[in-house]
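Numbering (this note's numbering), first residue to last: 24 to 530.
Ideal Cβ placement from N, Cα and C applies to all residues, glycine included.
What you are looking at is a predicted structure, and each value in this text was computed from that prediction instead of being measured.
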Amino acid sequence: MSTTLSPAPDTSVPQQDEDNPRIELLDASRLVRDEHNAREHDTAPDQKLITSVKELGVEEPISVRPLPDGTYGVFKGWRRAQAAQIANETAGQDGRPVRTVKAFVRTDLVGRDGYTRFLSLVENDNRQEMDARDTLKAQELSLVGMDEVDQARAAKAMGLKRGAVKHLRTAQRLDDATLRQATAGGMDLEQTAQLTEVEGIPNATQRLLKALAKDQEEGRGGRGHWDQVFALLTEEKANTKARADAFTALKKSGVTLASDLSYDQKQTVKALTDLTTGLGAPITADKHHGCPGHCATLNEDNQPVWYCADPAAHGHKARKQPKPRLSAEEAEQAAQKSAERARVVACNRAWKAAAGPRQQFISRLVKGKSLPDEARIFAQTVLLELPEFYGKWASKRGSTDVARFLGAKEGDETTAAELAAALPKAKFANVLFAQVAAAFEADIQDPKSYDMVRYRASYLWEAPSARQAAYLLLLESLGQADNGSYALSEVEEQAVAAHRPKEPDAA
């Protein structure tokens with residue numbers, strides 16, 4: 024392909040207005056791909072385009088900007104430009120004319136690399152679909168390379184919000200398949216960036232896409248279901264890391280992990296709780312530490328469970344009361360007990376994760392221009408009709424949540440009272456609701472309590488009190504009224520199901 028360079032163009036040509044670029048007929052050999060052309064994948068023209076250009080030439084003008092070496096950088100229409108170059112190479116032998124290429128020459132873009140990339144991005148995005156990674160990279164590099172005026176204008180044109188550059192850089196960490204799946208599923212830039220934080224959790228992409236679809240089905244424009252699923256995935260990620268850290272700490276302390284034992288050792292390993300010394304005394308972890316067979320694993324709460332790899336070889340005895348073989352009924356009961364324990368762990372984790380989106384929504388309500396009447400009335404009612412409940416919390420002087428709801432940032436030492444004093448009188452109801460919400464958040468923070476009537480553990484996600492359910496249902500109602508910006512999590516919906524107002528019979 025010929026790339027003969029011609030002398031640099033006359034620099035006395037006046038700069039062109041971006042709304043009225045001049046059109047010139049350019050020699051195709053003087054066209055090169057602009058370094059800031061947004062499309063980096065699938066840049067070659069297909070045979071259909073080449074055939075068309077051979078017959079008709081390039082009908083739609085391309086867009087270029089002058090380069091210092093006398094060539095023109097193509098930032099819109101590079102595939103068409105290449106098709107023209109290919110067509111001209113065989114024009115003589117095919118009996119076709121060597122054609123020039125009609126081009127918009129943008130002298131106003133000389134030195135404006137970021138804005139050039141942005142214009143190229145818009146062109147490619149509106150024509151043949153760009154590779155998702157090209158789009159993200161082009162958006163990021165465009166914004167980074169612009170001055171504040173161009174950046175604000177471009178971000179608005181691309182529909183991007185604050186923090187766009189950070190989100191763009193983060194989103195590019197996804198592999199190609201996941202990135203395509205996220206784009207096809209309708210994730211916006213912020214959501215795609217959030218996906219990178221939890222993609223290591225099994226089925227994270229599918230779970231988030233399902234939540235996104237639920238938000239879209241409701242048609243309010245909110246992301247309440249997305250926030251809940253993302254919070255739960257974040258909690259699962261934290262738990263996975265905590266477990267990995269616990270295993271690492273155990274190994275660094277010199278303890279052998281049961282999972283690292285040889286096949287033969289795994290056949291003889293037994294828990295210390297099932298063993299005694301030669302004289303029948305129980306064996307504790309401290310006493311067993313010097314045994315060559317000392318090893319451990321972690322239970323579901325990431326606490327060590329101690330074992331001996333070969334009790335017989337190290338002088339230990341099995342307890343005299345061996346476990347009887349389980350009947351079929353007992354085995355079924357044991358399986359049910361294990362499944363129930365797993366359910367309890369999952370629900371407790373989900374309950375704690377739901378606190379994040381819930382408290383973020385409360386902060387948005389409190390910091391809003393006006394508090395919804397429904398929230399104001401609820402707060403007043405609690406103070407007037409449940410003084411013991413509110414007073415119990417207030418007596419502990421736990422104002423950290425109140426300060427956060429009123430706008431205190433992490434590390435900010437400004438007290439809730441000081442923040443409230445700085446607010447106008449019209450926001451007294453906001454302060455009131457922040458106080459009441461903080462009391463309820465403290466009340467439902469721990470999902471586990473004790474049922475004094477039945478003498479057993481109870482869980483909020485099974486049977487919350489009427490006032491606790493009323494609080495959650497209030498937030499759900501306020502979230503739906505706010506374009507679906509907040510929705511209850513699955514475990515919260517389970518908790519309040521019995522407290523929802525009964526619908527009248529169809530009759």
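Please report the straight-line C-alpha distance between residue i and residue j, rounded to a whole angstrom.
i: K274; j: K448; result: 59 Å
i: A304; j: L197; result: 56 Å
i: G247; j: T113; result: 60 Å
i: T123; j: N226; result: 53 Å
i: D324; j: L280; result: 16 Å
i: A265; j: E220; result: 16 Å
i: G242; j: A234; result: 13 Å
i: F253; j: R381; result: 13 Å
i: G134; j: H64; result: 24 Å
i: A341; j: D309; result: 19 Å
i: S418; j: V459; result: 13 Å
i: P327; j: A462; result: 36 Å
Applying the criterion that 16 or more other CB atoms from any shown protein chain within 10 Å of the CB defines a buried residue, is residue i buried or exposed?
i: N111; result: buried
i: A510; result: buried
i: N322; result: exposed
i: K450; result: buried
i: H312; result: exposed
i: T94; result: buried
i: Q108; result: buried
What is the DSSP secondary structure of residue i, counted as helix, strand or coil?
i: P410; result: helix
i: A317; result: First, the amino acid is wrong: residue 317 is His here, not Ala. H317: strand per DSSP, three-state reduction.
i: I46; result: strand
i: K392; result: coil
i: R88; result: strand
i: G96; result: strand
i: T74; result: helix
i: R387; result: helix
i: W374; result: helix
i: T215; result: helix
i: L197; result: coil
i: R342; result: coil
i: W416; result: helix
i: A336; result: helix
i: T299; result: strand
i: S282; result: helix
i: A354; result: helix
i: K293; result: strand
i: Y330; result: strand
i: R243; result: coil
So the candidates are the options; which of them puts its Cα closest to the Cα of residue i?
i: P315; options: N325, H339, Q326; result: H339
i: A335; options: S508, W101, D57, T291; result: T291
i: Q195; options: L218, I224, G277, S86; result: L218
i: D131; options: R140, R88, A354; result: R88
i: W101; options: D92, V81, S500; result: V81
i: D238; options: Q214, E222, A177, K260; result: Q214
i: R45; options: S86, V55, T66; result: S86
i: G301; options: H337, F270, V278; result: H337
Within this structure, are the beta carbons of residue i and residue j separated by less than 8 Å?
i: A402; j: F456; result: yes
i: R230; j: L202; result: no
i: A518; j: L483; result: yes
i: L298; j: C331; result: yes
i: Y494; j: S481; result: no
i: V128; j: E58; result: no
i: L54; j: A106; result: no
i: F384; j: S500; result: no
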